[in-house]
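If you count the sequence shown from 1, you need to add 21 to reach full-length UniProt numbering. The block underneath contains the structure these notes are about, expressed in structure tokens.
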Amino acid sequence: ATVVVLASGTGSLLNALLAAAREPGYPARIVAVGVDRDCPATAHADAAGVPHFKVGLKDFSDREAWNVALTEAVDEHEPDLVVLAGFMKILGPAFMERFGGRLINTHPALLPSFPGAHGVRDALAYGVKVTGCTVHLVDAGVDTGPVLAQEAVAVMPGDDEDTLQERIKVVERRLLAEVIAAVATRGIVSDGRKAEIPVSEHA
Ligand code: GRF
């Protein structure tokens, strides 16, 4: 399966996916990286020899024009899957129309708890003892799509947002690579609210 990864941040998740994709037998290939701003993610793409493109919101007259341009830039690579690895923009109707159903995001909290841009901070502030990460299909909402995989991460005494975020990212880097490989080989069955990755018959 071919994958386009979209990122906006440090790109540590992207970097983990690039490393996983280099493993012999990994069933997915990252064919391009897209960013919405200048960020370290493109350096990881360069280091891995993967082409990248930038579609910056401020280069467009309005959000719709930006979303159409981003959709076209991704579509050029004709990916089987699009993966959001710390992509900090809400994708609009044009993008959902084109890639809905094969668009995966990872969120650093156990959805539906703590959606939005500050899931780690909100969980810490709430005082939960366990949080985690969620890999899910993206739907028209924010962090509301069908859950594909989750893993719990303990909150430790003395944690601050950075230490907790890093502990979650360690799990995300593995979980996201595992989910992409599973989807690439076995697909997704989704009834709209729920999604399952079929268990392989030779489990
Ligand atoms: C990840 O924790 C992801 O869940 C969140 O943004 C973070 C991306 O981290 N949406 P990085 O930019 O890949 O280091």
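Cβ coordinates follow ideal geometry from the N, Cα and C atoms, glycine included.
Requested in this report: Evaluate Gly166 with the Cβ neighbour count: other Cβ atoms within 10 Å of its Cβ, from every protein chain shown; 16 or more gives buried, anything less gives exposed.
Outcome: Here residue 166 is taken as the residue at index 145 of the sequence shown, counted from 1. Buried, since its Cβ has 16 or more Cβ neighbours within 10 Å.
If we ignore side chains and look at the alpha-carbon of each, how far apart do Asp181 and Ala216 end up?
Translated into the one-based positions of the sequence shown, residue 181 becomes position 160. Translated into the one-based positions of the sequence shown, residue 216 becomes position 195. Distance between the alpha carbons of Asp181 and Ala216 is about 33 Å.
*Terminal residues of the continuous alpha helix (DSSP H) containing Phe120?*
For the purposes of this step, residue 120 is taken as the residue at position 99 of the sequence shown. Looking at the DSSP string, the run of the alpha helix (DSSP H) that includes Phe120 is Pro114 to Phe120.
- Can you tell me whether DSSP reads Arg207 as helix, strand or coil? Taking the sequence shown and counting its residues from 1, one reaches residue 207 at position 186. Helix.
Starting from Ile51, follow its DSSP beta bridges and name the residues at the other end. Along the sequence shown, read from residue 1 onward, the residue named residue 51 stands at position 30. Partner(s): Val24.
Query raised in the report: Is it true that the segment 180-195 meets the segment 124-144, where meeting means three or more beta-carbon pairs spaced less than 8 Å apart?
Result: yes
Which same chain residues end up closer than 6 Å to His98 when comparing Cβ atoms and leaving out the 5 residues on each side of it in sequence? Translated into the one-based positions of the sequence shown, residue 98 becomes position 77. Contacts found: Val25, Val52 and Ala53.
Measure the CB-CB distance between residue 5 and Ala69 and report whether it falls below 9 Å.
For residue 5 there is no data in the structure shown, the boundaries of the chain being 22 and 224.
Taking only three categories from DSSP, how would you classify Glu97?
Numbered from 1 along the sequence shown, position 76 holds the residue referred to as residue 97. Coil at Glu97, not helix or strand.
- Query: Skipping 5 residues on each side, what residues in its chain have a beta carbon closer than 7 Å to that of Ala161?
  - Reply: As a working note, residue 161 is residue 140 in the sequence shown. Closer than 7 Å at Cβ, skipping near neighbours: Met117.
Original post:
Quick one, which of Ile209, Val104, Asp59 and Gly148 has its alpha-carbon nearest Ala175's?
Top reply: Against the sequence shown, residue 175 aligns to sequence position 154. Per the Cα distances, Gly148.
Closest to Val210 by C-alpha separation, out of Leu78, Gln171 and Leu158, would be which residue? Within the sequence shown, residue 210 is the residue found at index 189, counting from 1. Selected option, being the one with the closest Cα: Leu158.
Based on the DSSP secondary-structure assignment, which residues constitute the bridge partners of Glu217? Position 196 of the sequence shown, counted from the start, is the residue given in the question as residue 217. Bridge partners of Glu217: Val210.
_Inter-stretch contact (C-beta, 8 Å, three-pair minimum) for the segment 133-144 and the segment 59-77_ = no
> For Ala28, is the beta carbon positioned less than 8 Å from some heavy atom of the ligand GRF?
Replying inline: On the sequence shown, residue 28 is found 7 positions in, with the first residue counted as 1. Yes, the ligand GRF has a heavy atom inside 8 Å of this Cβ.
If you compare alpha carbons, which of Met109, Lys110 and Lys75 is closest to Ala94?
Looking up residue 94 in the sequence shown gives position 73. Answer by Cα proximity: Lys75.
- Query: To which residues does DSSP link Lys75 through a beta bridge?
  - Reply: As a first step, residue 75 is located in the sequence shown; it is residue number 54 there, counting from the start. Partner(s): Val56.
Problem set entry | Contact test: Ser134 Cβ vs the ligand GRF heavy atom, cutoff 8 Å | Here residue 134 corresponds to residue number 113 of the sequence shown, with the count starting at 1. Not under cutoff, so the answer is no.
**OP:** Compare the C-alpha of Leu112 against each of Phe135, Ser134, Trp87 and Leu102 and name the closest.
**Re:** Translated into the one-based positions of the sequence shown, residue 112 becomes position 91. Considering only alpha carbons, the answer is Trp87.
### Query
Which residues in the same chain have their Cβ closer than 6 Å to the Cβ of Phe135, if we skip the five residues on either side of it in sequence?
In the sequence shown, the residue the question calls residue 135 occupies position 114. Cβ within range, chain order: Asp143 and Ala144.
(Q) I want to check one thing, is the minimum distance from the CB of Ala40 to the heavy atoms of the ligand GRF below 8 Å? (A) Position 19 of the sequence shown, counted from the start, is the residue given in the question as residue 40. Result no, Cβ not under 8 Å from the ligand GRF.
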